[in-house]
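**Student:**
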Amino acid sequence: MTTHTPHRLSVVMIVKNEAHNLAISLPPLVGLADEIIILDSGSTDNSRQIAGQYGAKWFVNTDWQGFGRQRQIAQSYATGDWILALDADEEITDELKQSILKVIQNQPDNTVYGLKRLDFIFGHQIDNAHWGVKAYWRLYPKSFDFNNLTVHESLDITGAKTVKLSGFLHHHTAPDPLFLLQKRLSYAQTWAIENAQKGKKSNLFKVISNPIWQFIRQYFLDGRFLQGKYGLIYSIIFSQYTFNKYLLLWQYNHQKGRQS
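To convert, take the position in the sequence shown, counting from 1, and add 241; that gives our numbering.
In structure tokens:
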């Protein structure tokens with residue numbers, strides 16, 4: 242597994258029942274990672290067996306406190322100088338792998354590296370590689386860490402220099418429509434609860450207008466109209482996800498108002 246570089250790279254993942262994805266995401270890490278750290282939150286499939294085939298170190302934490310905190314715990318087990326934070330459904334391409342290998346030849350400083358990600362649903366690409374591709378800050382010195390957000394967590398890059406790497410990360414976000422709908426509904430509920438606790442407000446205008454704006458953003462501004470019917474399907478589902486977020490937040494606002 243070793244990369245034979247003077248500075249060690251730890252790949253860090255958090256998982257639950259990700260056997261089907263680990264079979265895709267782990268093979269490209271051979272020859273890249275000095276160690277693979279996997280923190281499980283209660284898998285009942287054969288994720289651990291697949292991880293073991295690639296020499297991954299397996300840890301368990303079922304005291305779920307959100308994605309941000311789970312990533313922090315996972316990183317605490319890492320021994321590398323560099324951290325590469327991945328999701329189980331993310332696959333490194335050969336070009337990106339070579340870019341990462343070049344970076345980890347260097348002594349870590351305050352530079353954080355962005356990985357450009359292309360999303361796939363139902364086996365079809367929904368992001369155009371030449372339009373609106375987002376970079377996620379995933380390769381960084383161990384001195385950096387993720388924030389505490391329950392969902393949609395991100396790396397705290399305060400004071401960091403940021404650089405985007407060549408190559409792409411393939412994000413196999415959903416194998417089928419039901420999986421994607423259930424995943425987005427779960428995220429919407431978590432987001433609504435968290436934001437209600439923070440005092441964020443929703444109303445009928447936001448429930449109606451925000452989904453419309455998100456469809457325009459996803460389909461037109463982010464270029465998913467270039468990706469055919471699957472780009473359209475994803476944009477509609479994302480709009481529905483936004484509708485669910487603000488509708489649930491509105492509901493929690495009213496419940497809190499009745500209790501006070």
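No residue lacks a Cβ here, since even glycine has one placed at the ideal position from N, Cα and C.
Note that the coordinates shown come from a computational prediction; the quantities given were computed from them, not determined experimentally.
Relative to the alpha-carbon of Tyr475, which residue among Leu422, Asp281, Asn262 has its alpha-carbon at the smallest distance?
**Tutor:** Leu422
**Student:** Give me, in chain order, the residues of the same chain whose beta-carbon lies closer than 6 Å to that of Arg289; leave out the 5 immediate sequence neighbours on both sides.
**Tutor:** The residues are Trp299.
**Student:** Is the CB of Arg310 under 8 Å away from at least one CB in chain D?
**Tutor:** No chain D appears in this structure, which consists of one protein chain only.
**Student:** With burial defined as no fewer than 16 other Cβ atoms inside 10 Å of the residue's Cβ, what is the status of Gln411: buried or exposed?
**Tutor:** For clarity, residue 411 is His in the given sequence; the question names Gln instead. Residue environment: His411 is assigned as buried (16 or more neighbouring CB atoms within 10 Å of its CB, all protein chains considered).
**Student:** Does the pairing of the stretch 423 to 440 with the stretch 349 to 362 give three or more beta-carbon distances under 8 Å?
**Tutor:** no
**Student:** Compare the beta carbon distance of Met254 and Asp322 with 8 Å and say whether it is the shorter of the two.
**Tutor:** no
**Student:** Taking just the CA atoms, how far does Leu337 sit from Val271?
**Tutor:** 14 Å
**Student:** Along the chain, where does the alpha helix (DSSP H) that runs through His261 open and close?
**Tutor:** 260 to 266
**Student:** Roughly how many whole angstroms lie between the Cα atoms of His413 and Arg499?
**Tutor:** 42 Å
**Student:** Going by beta-carbon coordinates alone, are Thr320 and Ser251 separated by less than 8 Å?
**Tutor:** yes
**Student:** Could you check the C-alpha separation between Ile477 and Phe456 for me, to the nearest Å?
**Tutor:** 6 Å
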